[in-house]
Amino acid sequence: MEMPTPDPFVLAKKARVVARLRSVLPADAVISDDREVKAYECDALTAYKCPPMVAVLPSTTQEVSDVLRVCHEEGVPVVPRGSGTSLAGGALPTADCVILGVARMNDVLETNYPDRYIRVQTGRTNLSVTGAVEENDFFYAPDPSSQLACAIAGNIAMNSGGAHCLKYGVTTNNLMGVTMVMMDGEIVEIGGAHLDAGGLDLLGLICGSEGQLGVVTEATLRILHKPEGARPVLMAFNDNEVAGACVADIIKAGVLPVAIEFMDRLCIETTEAYAQAGYPDCHALLIVEVEGSDAEIDEQLSKITAIARKHDPVELRESKSAQESAAIWLGRKSAFGAIGQISDYMCLDGTIPVSSLPMVLKRIGELSDEYGLKVGNVFHAGDGNMHPLILYDANKDGDLELCEKMGADILRLCVEAGGCLTGEHGVGIEKRDLMFDQFTPQDLEAQMAVKDVFDPQWLLNPSKVFPLSASQSRRAPAIAAE
């Protein structure tokens, strides 16, 4: 097949941009070879791919500033990238963009135990933040399932949570300050090593903004002293809706576990075959963990198991040792990888009121039958953060489109139940055209007006978050003015 002739204008612009980037970065920090940039063509939403024009790997805030200044002057879009674990296409490139990866920015800059904070470069992985302080019996609370690989930069962009966010909150509840570089290269400090800042809550605006407003290069994070102990209990039921009702009753009773995790039969069987965690034969599984002193743990688990028994569980298994606790959590932590061994899948991220769990689980089962696609449910049940995994065959014509249509129906269901489109994965490209299902045109206009202030040319992370028609209409005048 004859390859299309490259556009001389595009080639000339790329050559000019690459030359300018190489003037402000070390030689090995600029990746422009067409074969090498393919490593950045997608994130964990692998159904969509597009190689970028160039990828850069700066090591300091000043280098990020220099890169953004060049791109701003050249009118080149920039897609910030942490570790590429986004499940919503948050780091998907465009063909004319520069991927700005922060993977080399992984230093610990400051640790302060008396005031309980750590300052890090945002390329540092989530789990390694705890690794930097655990010898002193401290930890960083947000724990997304990808915490071994995901970067703090992406956690901030998507406001990530995790299994233990029920008690400790998501990223925004543990973020104290950031160093951020604006699209024109200006470096700004927002928040800091204190509980709160006066004036507008700009930190709350930045956390969860998905790279639309600036590139966060350094973060001041809250660290906590480790609890005296923690203990999970495994609860098995023969019905998804009964398990959902049990979760609602635990929350209603005023008991606050550190985590409540849910898995349905498909996930249980798949993870058991994969990880051999010793899970029982059942239709629904809850893992409920509490922490504190032994007396506190005993009291909390006594209340929780009493509530569970009212729902006629198949099995109640309280951990008696660290080994048993690890086994209980093993399957849950392995769930996404286990499903990936048997099928292509799309992982959703809707959030609903806990009281709506039984109804939503029932309706997801009905949608599974209607579409003829299997669904594995595994999610943070305590705060209603759903993660349905829709299984499909990427090699079967039309299956991806069918999966996307079913996913849209599930996310609309979440909104109709009183929830929202995303809890921690972000909007990215996956949910951008569903934003009108949650927000009015006036709501979206207000959000886009904020981006206008931070990024007037709409160069940062293009084609994400906002409905494509809306973002393109915003970007068009800027392109025409170039």
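Using the numbering used here, read the sequence shown as starting at 1 and increasing by one per residue. All C-beta atoms, glycine included, are put in the ideal place defined by N, C-alpha and C.
- The segment 79 to 86 and the segment 142 to 150 touch, with three or more beta-carbon pairs separated by less than 8 Å.
- Within the DSSP secondary-structure output, L285 pairs in a beta bridge with A236, M263.
- Residue ranges of uninterrupted beta strand (DSSP E) with 3 or more members, entirely inside the segment 79 to 135 and ordered along the chain, are 98 to 101, 108 to 112, 117 to 121.
- A distance below 7 Å between beta-carbons, with the five flanking residues on each side excluded, links A236 to the following residues of its chain, in chain order: P280, C282, L285, P313, V314, E315.
- For G191, DSSP records a beta bridge to G177.
- Per DSSP, the beta-bridge partners of M346 are I390.
- Straight through space, the alpha carbons of L357 and F138 are spaced by roughly 34 Å.
- For C420, the three-state secondary structure derived from DSSP is strand.
- The C-beta distance from P52 to A153 rounds to 17 Å, too long to fall under 8 Å, and the pair is not in contact.
- Assignment of E430 by DSSP, reduced to helix, strand and coil, places it in the coil class.
- Here DSSP, grouped into helix, strand and coil, assigns T46 to coil.
- In the DSSP secondary-structure assignment, H380 is bridged to E261, N385.
- Distance between C42 and K49, taken at the CA atoms: about 5 Å.
- Exclusion of the five residues before and after V247 leaves I260, F262, L286, V354, L357, A381, G382 as the residues of its chain whose Cβ lies within less than 8 Å of its Cβ.
- In the three-state reduction of the DSSP assignment, A149 falls in the coil class.
- S160 is the residue among V415, E135, S160 whose C-alpha sits nearest the C-alpha of S145.
- Ranked by Cα distance from K14, the first of L25, A29, V24, D34 is D34.
- Residue burial annotation: E430 is buried, with at least 16 other C-beta atoms found within 10 angstroms of its C-beta.
- By the 16-neighbour rule on beta-carbons within 10 angstroms, K451 is buried.
- Note: V375 is bridge-paired with I390 in the DSSP secondary-structure output.
- Looking at the backbone, the Cα of G376 and that of L25 are separated by about 45 Å.
- Burial state of K38 is exposed, judged by a 10 Å Cβ sphere holding fewer than 16 other Cβ atoms.
- S302 and E228 have their C-alpha atoms some 18 Å from each other.
- Sequence-distant partners of R124 (beyond 5 residues in either direction) whose C-beta falls short of 6 Å from its own C-beta, in its chain, are N106, I152.
- With a contact defined as Cβ atoms closer than 8 Å, I268 and V288 miss out at about 16 Å.
- For R432, the closest of P77, C165, S463, C71 by C-alpha to C-alpha distance is S463.
- Per DSSP, the unbroken alpha helix (DSSP H) holding A449 starts and ends at 441 to 454.
- Taking a C-beta distance under 7 Å as the contact criterion, G331 and T422 do not qualify as a contact pair.
- Per DSSP, A27 is not a residue of any beta strand (DSSP E), being assigned neither H nor E.
- Under DSSP, L460 forms a beta bridge with V78.
- Per the coordinates, the alpha-carbon of L402 lies some 7 Å from the alpha-carbon of Y371.
- In the structure shown, A219 falls within a strand segment according to DSSP collapsed to helix, strand and coil.
- Less than 7 Å divides the Cβ of T217 from the Cβ of T61.
- For R309, the uninterrupted alpha helix (DSSP H) segment begins and ends at 294 to 309.
- Between the C-alpha atoms of L100 and V56 there is a straight-line separation of about 5 Å.
- Assignment of beta-bridge partners to E291 by DSSP yields A230.
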